[in-house]
Amino acid sequence: MDDRDVPSGNGHNREQGASIDALLDLAVAAIDSGDHAAATALAGQVLAADEGNADAEELLATPAHSGEIRRLTILFADLVDSTALSTSTEPETYRLVVGRYRERVLAIVNQFGGHIGSTHGDGLLAVFGHPVAHENDVRRAVLAGLEINRGVARLSEQAKARFGFEVNARVGVHRGVVYLDTAQEDVYGLGANLAARVCGLASPGGVVVSEAVARLVRDAFDLESCPAAPVKGVPGLIAHYKVVGERAVPTRVTQGPLVGRSGEWQHLQVSWAQAQAGRLDTPGVVFCGEPGIGKSRLATAGETLVRQTDGAVMELIGSPFHTAGGMHPVRSLIERHCGISRFTAPAERLELLNAELERVGLDPVRFIPLLAPVLNIDAQHGYQAVSDQGPELYSMISEAVQTYLLAWFADRPGLVVAEDAHWFDSTSLEVLAGVLDASAGRLLVIVTARHRDWLPDRWPVNVFELRPLTEAESDELITALNPALTPQEQATIRSRCDGLPFYIEQVVAGITEVGVPEALYEPLFARLRASAKVVPVVEAAAVIGRYIDTSLLRSVVDMDDDDLHRVIDELAAARVLEPSNAGGWRFRHELLREVAVELAPPSVRRHLHARVGDALCGFSGEPDWGLVANHYTQAERFDDAASAHQQASASARRRGALAEARGHLSDALTQLDRCAPGPDRDRREVALRLGRGFLAGSAVSPSSPVVATDLERCLQLVGAEVPTASRGRTSTAQELFATLGVLTGYYTGRADLNRATQALELLRAALEQWRPGFWPRLAAWSGVLSFLRGEFADACLNLELATGGGATDNRETETVGFLPIDPIVAARIHLALVRLVQGDLSAAETELAQAAHCVEGLGFPQGPYSLAYLRFAEVWMRMEAGQLDQASALTVEMIEDAQRHGFDQWRLRGTIQQAVVDAWTAFAEDGPSPAFSDRITYISGLVDDLRTADLNVYLTFFEGALARLMIAATQFDDARVRLDAALRLARETGMSFYDSELVRLRSHTEQDPVDRRTELQAALQLARRQKAHLFELRSALDDFELRGQPARSALADAIERVSAESALTELARASAALGTS
1 MDDRDVPSGN
11 GHNREQGASI
21 DALLDLAVAA
31 IDSGDHAAAT
41 ALAGQVLAAD
51 EGNADAEELL
61 ATPAHSGEIR
71 RLTILFADLV
81 DSTALSTSTE
91 PETYRLVVGR
101 YRERVLAIVN
111 QFGGHIGSTH
121 GDGLLAVFGH
131 PVAHENDVRR
141 AVLAGLEINR
151 GVARLSEQAK
161 ARFGFEVNAR
171 VGVHRGVVYL
181 DTAQEDVYGL
191 GANLAARVCG
201 LASPGGVVVS
211 EAVARLVRDA
221 FDLESCPAAP
231 VKGVPGLIAH
241 YKVVGERAVP
251 TRVTQGPLVG
261 RSGEWQHLQV
271 SWAQAQAGRL
281 DTPGVVFCGE
291 PGIGKSRLAT
301 AGETLVRQTD
311 GAVMELIGSP
321 FHTAGGMHPV
331 RSLIERHCGI
341 SRFTAPAERL
351 ELLNAELERV
361 GLDPVRFIPL
371 LAPVLNIDAQ
381 HGYQAVSDQG
391 PELYSMISEA
401 VQTYLLAWFA
411 DRPGLVVAED
421 AHWFDSTSLE
431 VLAGVLDASA
441 GRLLVIVTAR
451 HRDWLPDRWP
461 VNVFELRPLT
471 EAESDELITA
481 LNPALTPQEQ
491 ATIRSRCDGL
501 PFYIEQVVAG
511 ITEVGVPEAL
521 YEPLFARLRA
531 SAKVVPVVEA
541 AAVIGRYIDT
551 SLLRSVVDMD
561 DDDLHRVIDE
571 LAAARVLEPS
581 NAGGWRFRHE
591 LLREVAVELA
601 PPSVRRHLHA
611 RVGDALCGFS
621 GEPDWGLVAN
631 HYTQAERFDD
641 AASAHQQASA
651 SARRRGALAE
661 ARGHLSDALT
671 QLDRCAPGPD
681 RDRREVALRL
691 GRGFLAGSAV
701 SPSSPVVATD
711 LERCLQLVGA
721 EVPTASRGRT
731 STAQELFATL
741 GVLTGYYTGR
751 ADLNRATQAL
761 ELLRAALEQW
771 RPGFWPRLAA
781 WSGVLSFLRG
791 EFADACLNLE
801 LATGGGATDN
811 RETETVGFLP
821 IDPIVAARIH
831 LALVRLVQGD
841 LSAAETELAQ
851 AAHCVEGLGF
861 PQGPYSLAYL
871 RFAEVWMRME
881 AGQLDQASAL
891 TVEMIEDAQR
901 HGFDQWRLRG
911 TIQQAVVDAW
921 TAFAEDGPSP
931 AFSDRITYIS
941 GLVDDLRTAD
951 LNVYLTFFEG
961 ALARLMIAAT
971 QFDDARVRLD
981 AALRLARETG
991 MSFYDSELVR
1001 LRSHTEQDPV
1011 DRRTELQAAL
1021 QLARRQKAHL
1031 FELRSALDDF
1041 ELRGQPARSA
1051 LADAIERVSA
1061 ESALTELARA
1071 SAALGTS
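Residues in the sequence shown are numbered consecutively from 1, following full-length UniProt numbering.
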């Protein structure tokens, strides 16, 4: 079809259309930005140029509040005559077919990147462009429409075959301006309605697009213009186009290459070369194997090889309906050669046989009496029957058939293909044996069979037992059939087909189909129906899975052991089941299991899943909780499924698999959401969300947005009411305390100290109302927050209280269970940092040793997480003390453990600390070299990663460490930018523990001595107010080095506040400076 099929008008109209489109785009953008007035004005301009423009009128009618106005491509699919169908079929059948229809439409829409927005009766509305926008959403929608009709057509064939009725769909696609309700995930307005109306213009099995869509896709699809038609609710006539198909569709490969059969193929090539030379000593090649293994594919390859060299090919084909006698393979062959059909009259049959015998050089008078009986032609139709009877006649006929077969080749090299020889009658097998014996080195005979039980020992053949393809060979075949398949799709096909080439070809060809390909369904299904008692057993086995534990199967089916064993033996004989290495049984192919699953009606299937789940829980030992959860989900026992997922999460957590544990909690929440609402469900949801937030905080960061979402939901569920002591200890109280405790940790991790303090005070008030007394963890959190604010004296007081003699008392809340670090351990770590800031390195080391002792008793992930926290603090302390060798060794351990346990935040922090330590070590050896500058650039990127990840707590320390390096490299401007940013963050968050150091470092970026002195005085005064004796000493020492004698008194005061026993290098430097002045 050319462009004339979709008229675009003259040049002026095209320009006007482009201008209108541009104005509409501007109007849409104005609406989305909240400028309703501008959108109204632009829509007015459109109407001035194009009176009655529907999109512009839609814009004018748009409300000025929530939601978005968007141009979206909308697909509407509708089941044709669904009402009539529902009244003429059984409800369960109707539900099954309509359910399959919906499943297919949903899958196809998802496949092409669309999103099902709503349903209207049996119609489905999908949007393309939301929530994910693509550059070709219009084309995706039309492709989806074509694929929907193809999918429904396949469904119709299945429904026709199984239920006796057909189903059809029609699809309409439109693109226009709509109101998108992002909260409800739905669209409103003319655009959405018009898609449904356009759908109504399509014929059954057709796809129709509006003019708006046609303009955009006419280069990609063949379109047929349809007469404009009226539709309900829209004034005027609607132009529309029928989609004939996509242009330049690549043809699908229907038969794959010969893969994994190199040995067999080489044998055929060598054998045929010998036959051509008249020297083939062993004429027969037998390919054995189960259905789908590729026997016929090899025979076809041999046939192609022979025909390419002008050899003659003869085919004898066995039939499962003619195994007892009648020489069916031979009779069918002769009839094909003669041109005889089932409608050919006997007299004509005789004439055709006579002509064929003359053609191959045999005497009709001699051979018609012997071959006519094979073709079931009675002597009364014109020939003299032989007088011999019994064995003599049988022998004569067999010899005559063999003579004819050999004469047909006329002494030429050739190929005999005997397909499905296991279905040959005994006479046909004898004829085939005679051909092998008389081949005279010129005939190659290829025989295919499922087994070799029929094969006489004396035959001159080479037998090949074909094996399934390996995974690599399967992948090679899958890729050859459809190179566009993803690795995940390839893996799925591999697991379903078990290396059988024919299965692979069919599944790849029907990759978009749901369930077993139709070409495989009947032969697989036939193997399942061995006897009446088989069905309940095979249904239960299919629900259990590919691998079947016999004891589990016995627990699920209502059958005594003897009957069960007999049924299993039947299924094994029918090649449905086979023994597994684990001592039970397995389905021979996954596709067999899929067919078996379809046998059970939904209600039966749910019941079986429930019984399997109950049986798994009833066995001794720890069950596979993930498997249990899956069975309960399929049984629609959502409460039990949620509990099983929670157990699976705990099991994964014990193995250190945090991501898996988090995933199970998400699945538990999904199942819990399907349970009846009520207080019990709310309490369980709080526990699950706190657990998921805890795992996310451990793996990523306590300040992760994922944690925030769960915490907000928990607060919504528990409400603001605080249970009082008079009400007793309730689960609601526990949930509230846990939520507020985790919330405190969350805001602390984000360095949002004001909100962290508010959450902590709420928790304190709640505990006071519930049970007044001393709560060590409250003191611990108070001390941590005071440290971060730079209130070191208050921090010291609270942290000492938290870690004192009563620290192990009053542990009745479960808050600690949802925090990645025990608050008491955190208290000791921060008390060590307070001791460091106060200039007492020895006391800091003692506190860290105490913290390490506390960590030893913690499980996963609190134990490893707390250890990572502790190492971070110790590396920090060693860096401040100038003990770089110890710091370097600790960072190696910290990073390795963080990687092993999946603690991303500690891996990043440890990497930065390691890089800083390595930079200072290199600087000590080489000074400010280019390589040193490269290290600074690398560290800058890592620190930026911290900020990007919202890992704000302690960020000012890292900015200070980076600024020190920049100052050493004389990168003063860059250092000042970093320090200013860090101080700005401190002001915004209240995290001022490192402020005096940041100000002191900033003084080193000042070139003017007066400005530098001003900065140092500010740092000095701040350190004094904060009781940060180490930082005060550093500022005083810098001031003394700048000003000399006038700064002596301040330095002396700073020295007095630091313990004389301190091992800090700054104390030694300061004492030396005063002693030499």
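Think of the CB as a built atom: it goes at the ideal place given N, C-alpha and C, for glycine as much as any other residue.
Exposed or buried, residue 815, counting other C-beta atoms within 10 Å across all chains shown (16 or more means buried)?
-> Legend: pLDDT at residue 815 = 41, less than 50; position of this residue unreliable, value from coordinates given subsequently. With 16 or more Cβ atoms within 10 Å of its Cβ, residue 815 is classed as buried.
Determine, using beta carbons only, whether residue 285 and residue 311 come nearer to each other than 9 Å.
-> no
Going straight from the alpha carbon of residue 224 to that of residue 218, what length do you get?
-> Using only the alpha carbons, I get a separation of about 10 Å.
For my contact list, residue 420 and residue 318 are in at a C-beta cut-off of 8 Å; report their separation, rounded to the angstrom.
-> 4 Å
Which one of 392, 395 and 372 has the shortest CA to CA distance from residue 385?
-> 372
Decide if residue 953 is buried, meaning its Cβ has at least 16 other Cβ atoms within 10 Å, or exposed.
-> So residue 953 counts as buried.
Shortest alpha-carbon distance to residue 994 belongs to which of 787, 387 and 283?
-> 787
Do residue 839 and residue 1030 have their CB atoms nearer than 9 Å?
-> It is a contact, given that the beta carbons lie within the stated cut-off.
How big is the Cα-Cα spacing for residue 546 and residue 591?
-> 10 Å
Is residue 682 near residue 715, with beta carbons less than 9 Å apart?
-> no
CB contact flag (residue 209, residue 231, <9 Å) = no
Residue 675 (DSSP reduced to helix, strand or coil) | coil
Select from 170, 123 and 163 the residue whose C-alpha is nearest the C-alpha of residue 142.
-> 170
Any chance you could list the alpha helix (DSSP H) runs of at least 4 consecutive residues sitting entirely within the segment 767–806, in chain order?
-> 776–789 and 792–802
Could you work out which residue in 650, 932 and 674 is closest to residue 633 when comparing CA atoms only?
-> 674
Could you check the C-alpha separation between residue 1072 and residue 798 for me, to the nearest Å?
-> Approximately 36 Å between the Cα atoms of the pair.
Below-9 Å beta-carbon distance, residue 717 vs any chain C residue | Of the protein chains in this structure there is only one, and it is not chain C.
Specify whether the segment 447–457 and the segment 422–438 touch according to this definition: at least 3 beta carbon pairs, one from each stretch, less than 8 Å apart.
-> yes
Limits of the alpha helix (DSSP H) - the one that residue 1151 falls within = Lying outside 1 to 1077, the shown extent of the chain, residue 1151 is not represented and no answer is given.
Consult DSSP for residue 118 and reduce its assignment to one of helix, strand or coil.
-> strand
Beta-carbon proximity check, residue 793 vs residue 828, cutoff 9 Å = no
Does the distance from the C-beta atom of residue 858 to that of residue 825 stay below 9 Å?
-> yes
Between the C-alpha atoms of residue 307 and residue 336, what's the straight-line distance to the nearest angstrom?
-> About 18 Å.
Residues near residue 625 in its chain [Cβ-Cβ closer than 7 Å; skip 5 each side] | 644, 647, 648 and 651
Work out the CA separation of residue 947 and residue 959 for me, nearest whole Å.
-> 10 Å
Does the segment 570–577 come close enough to the segment 609–626 that 3 or more CB-CB pairs lie under 8 Å?
-> no
How would you label residue 365, buried or exposed, when you count the other beta carbons within 10 angstroms and need 16 or more for buried?
-> Around the C-beta of residue 365, fewer than 16 other C-beta atoms lie within 10 Å, and the residue is accordingly described as exposed.
Considering only residues of the segment 205–243, which uninterrupted beta strand (DSSP E) runs meet the minimum length of 3 residues and lie entirely inside it, listed in chain order?
-> Runs of the beta strand (DSSP E) inside the segment 205–243: 207–210 and 221–231.
Can you have a look at residue 622 and say buried or exposed, based on whether 16 or more other CB atoms are within 10 angstroms of its CB?
-> exposed
Is residue 185 helix, strand or coil by DSSP?
-> Reduced to three states, the DSSP call for residue 185 is coil.
Out of 493, 536, 328 and 561, state which residue places its alpha-carbon closest to the alpha-carbon of residue 589.
-> 493
Enumerate in chain order the residues of its own chain whose CB-to-CB distance from residue 563 is below 8 Å, with the five nearest sequence positions on each side excluded.
-> 533
Helix, strand or coil for residue 1060 per DSSP?
-> Looking at residue 1060 - three-state DSSP - the assignment turns out to be coil, as it is neither helix nor strand.
If you draw a straight line from the alpha carbon of residue 148 to that of residue 205, how long is it in whole angstroms?
-> 9 Å
Under 9 Å between the Cβ atoms of residue 933 and residue 969?
-> Between residue 933 and residue 969, the CB-CB gap stays under 9 Å.
Strand pairing of residue 77, partner residues [DSSP] | 124 and 171
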